[in-house]
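Per my numbering, the very first residue in the sequence shown carries number 554; after that it's consecutive. Note that the Cβ used here is the ideal one computed from N, Cα and C, for glycine as well. Note that the structure is a prediction, hence the values are computed from the model and not measured.
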Amino acid sequence: MKIILSTSNPHKVKEINEIMDTNDVEFILPPDGFDPDETGTTFAENSLIKAKTAWELSHDWSLADDSGLCIDALGGQPGIYSARYAETPQKRIERVLKELDGIKNRKAHFTCCMTLIAPDGSIAFACEGICKGSIIEEAKGTNGFGYDPIFMPEGYNKTIAELPEDEKNRISHRSKALVKVIDYIKTQVL
Numbered sequence: 554m555k556i557i558l559s560t561s562n563p564h565k566v567k568e569i570n571e572i573m574d575t576n577d578v579e580f581i582l583p584p585d586g587f588d589p590d591e592t593g594t595t596f597a598e599n600s601l602i603k604a605k606t607a608w609e610l611s612h613d614w615s616l617a618d619d620s621g622l623c624i625d626a627l628g629g630q631p632g633i634y635s636a637r638y639a640e641t642p643q644k645r646i647e648r649v650l651k652e653l654d655g656i657k658n659r660k661a662h663f664t665c666c667m668t669l670i671a672p673d674g675s676i677a678f679a680c681e682g683i684c685k686g687s688i689i690e691e692a693k694g695t696n697g698f699g700y701d702p703i704f705m706p707e708g709y710n711k712t713i714a715e716l717p718e719d720e721k722n723r724i725s726h727r728s729k730a731l732v733k734v735i736d737y738i739k740t741q742v743l
C-alpha cells in the first residue's frame, strides 16, 4: 500500500519510512503542485490542510503531519511557527536561546499531529504524539535537524541531535504519532 506523505521534504519521507520499518506500507512524495497554505491556528488544523491538499492532487490515501516545538516559558512558542521562527535553522535556535536567557523554567515538548485522509476524501484517522523534555543552554550534537541540538528529552542526558538515529526515531513525537497511524492502518485498512 502506498500513502502520499503530505510534504515536499524528502528527508521527512525517508525518516517516516525508516520509522515504519514494514513492507506493507510505503510513504511517497505528493504529486507536483503540492503547496498548501498553512492557515490553521493549531497543529491539527495545519495537518488537515496539508492532508486535504495532497488528497486533492491524488485522490488517494494521504497522510500529513504538522509539528513543532512548544516552550512553556514562551507561552507555547514557537509552536505552529516553529519552521518560520527565524530565517534559518541556526537563527531559530539562536532566537530560542536568547528568549530563554536567564529563565529557569526550560520545560518544552515537541508535538506532532497527524491526519490520514481516505481515498473517498474523508478523515480516516487523526492523532497526536508528544515528546517531553527541556531546552538546554547551548546547542549540542550534529544528528537530526531543526531544534534537535537544543532539546533534551525527559530521561536523557543528551540532546536529540546527540542520539543515534534509531534511538531518536523510537522516542520522537513523530514516531509516537506514526505508531498510532500504522496501528490504525494495520487493524482497520489492510
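Go ahead and label residue i buried or exposed: buried means 16 or more other beta carbons lie within 10 angstroms of its beta carbon, across all protein chains shown.
i	result
E640	exposed
Y638	buried
P631	buried
G621	buried
L716	buried
M705	buried
D701	buried
L743	exposed
What residues in its chain sit with their C-beta under 6 Å from that of residue i, if we drop five residues either side in the sequence?
i	result
A604	S559, S615, A617, T668 and I670
K685	H662 and E707
Y737	F678
I572	N722, S728 and L731
Quick one: what's residue i bridged to in DSSP?
i	result
T664	G621 and I683
I676	I670
I556	F580
M705	S687
P631	C623
S752	Any property of residue 752 remains undetermined from this structure, which presents the chain solely from 554 to 743.
L610	Answer by DSSP bridge pairing: none, since L610 is not bridged.
L616	L558 and L669
If you drop the 5 nearest sequence neighbours on each side, which residues of the same chain put their C-beta closer than 7 Å to that of residue i?
i	result
A607	I557, S559, P583, F587, S615 and A617
D625	N658, K660 and A661
R648	Y638 and A639
G674	W608
Y709	none
P642	F698 and G699
Please confirm whether residue i and residue j have their CB atoms less than 8 Å apart.
i	j	result
T664	E681	yes
I703	L627	no
A714	I646	no
I569	N599	no
E591	I602	yes
I689	T712	yes
H612	P672	yes
I735	V578	yes
Among residues of its own chain, excluding the 5 on either side of residue i, which ones have a beta-carbon nearer than 8 Å to its beta-carbon?
i	result
H564	F698
V566	L558, T560, F580, I581 and L582
D597	Per the sequence shown, residue 597 should be read as Ala rather than Asp. Answer for A597: D619, C666, T668, A679 and E681, listed in chain order.
Beta carbon of residue i: closer than 7 Å to some heavy atom of the ligand ZN?
i	result
K693	Inclusion of the ligand ZN in the displayed structure is not the case, the ligand content being empty and no account of it being possible.
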